[in-house]
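Residue numbers (the numbering used here): 961 to 1239.
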């Protein structure tokens, strides 16, 4: 692959976006950052911290160019990281007026695009002309909160273009992040989505008072179901015990940082969905 200076653009301002920006900036990458809320932009520029997510992380402003204009960020970048919740991603992508078919797109979200019921990679190929050779996906297991604490963590980056995948993987590798390149893009996208469903369910079982014995059996059956589902959707040779699948499932199902487990736990204890969301 021809060596080109990578100019990263990040769409999103939540905890995962903030964690990825921390890693990239510490690795001496310049980053264009799209944040919708101008008050948050001013706060970050003044205080070097995200006011709402991972507020303990000190951001290197010398490496950041922050804008409330998504097209400005997209135009200035040749690698675009999409790190917004899947339920909002279509609305954000509709704001882009530029041709992005030649950009490298990195998926850092989990779930289907609700309006099309497609995986994000499929959605980008169909509606934005993104070639599979220019599409990558970031998988876990890696909680943003542990990135903030610089706990030893592990990422899997998937792409059908393994040469590009290895180049991008190097950009995220650091003293506390180990990165593995994979060609199983679809499998990683599905695993990132399914593990949240299983974590929600195991959280409900915990809230209902079921013990560790039950929950361990539930998680054991969850990885079997994940394997069957992904194999039906995309049958290739893969080791379901690898970290992008089993590892991501375990951390989401058991971690105190897992929002899906916590949400399920509250549902199991009798909270309404609205009350659990608020809490």
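Note that CB positions come from ideal geometry on N, CA and C, so glycine has one too.
Counted within 10 angstroms of its Cβ, other Cβ atoms place residue i as buried (16 or more) or exposed
i: residue 1207; result: buried
i: residue 1124; result: buried
i: residue 1132; result: buried
i: residue 1011; result: exposed
i: residue 1060; result: buried
i: residue 975; result: buried
i: residue 1109; result: exposed
As assigned by DSSP and simplified to three states, the class of residue i
i: residue 1140; result: strand
i: residue 1116; result: strand
i: residue 1048; result: helix
i: residue 994; result: strand
i: residue 1102; result: coil
i: residue 1078; result: strand
i: residue 1230; result: coil
i: residue 1217; result: coil
i: residue 1017; result: coil
i: residue 1207; result: helix
i: residue 983; result: helix
i: residue 1040; result: strand
Run of the alpha helix (DSSP H) containing residue i, from where it starts to where it stops
i: residue 1145; result: 1145-1167
i: residue 1030; result: 1030-1035
i: residue 1177; result: 1172-1193
i: residue 1127; result: 1122-1132
Close-in-space but distant-in-sequence residues of the same chain around residue i (CB under 7 Å, 5 per side omitted)
i: residue 1075; result: 1050
i: residue 1008; result: 1018, 1019 and 1021
i: residue 1167; result: 1224, 1225, 1226, 1227, 1228 and 1229
Segment limits, beta strand (DSSP E) that includes residue i
i: residue 1067; result: 1064-1067
i: residue 1024; result: 1024-1027
i: residue 969; result: 968-971
Beta-carbon proximity list for residue i, same chain, < 6 Å, skipping 5 on both sides
i: residue 972; result: 1043 and 1044
i: residue 1186; result: 1154
i: residue 1065; result: 1040, 1084, 1090 and 1095
Below-8 Å beta-carbon distance, residue i vs any chain C residue
i: residue 1161; result: Although the question refers to chain C, the structure presented lacks it and comprises just one protein chain.
Close beta carbons around residue i, own chain, < 8 Å, minus the five adjacent residues each side
i: residue 981; result: 970, 991, 993, 1019 and 1024
i: residue 1126; result: 1141
i: residue 1113; result: 1101, 1102, 1103, 1106, 1107, 1136, 1137 and 1138
Worksheet item: Just checking, does the region 1075-1085 make contact with the region 997-1012 on the three C-beta pairs under 8 Å criterion?
Response: no
Worksheet item: Pairing CB atoms from the region 1133-1144 with CB atoms from the region 1154-1162, are three or more of them under 8 Å?
Response: no
Worksheet entry | the region 1202-1217 / the region 1099-1116 touching (three or more Cβ pairs under 8 Å) | yes
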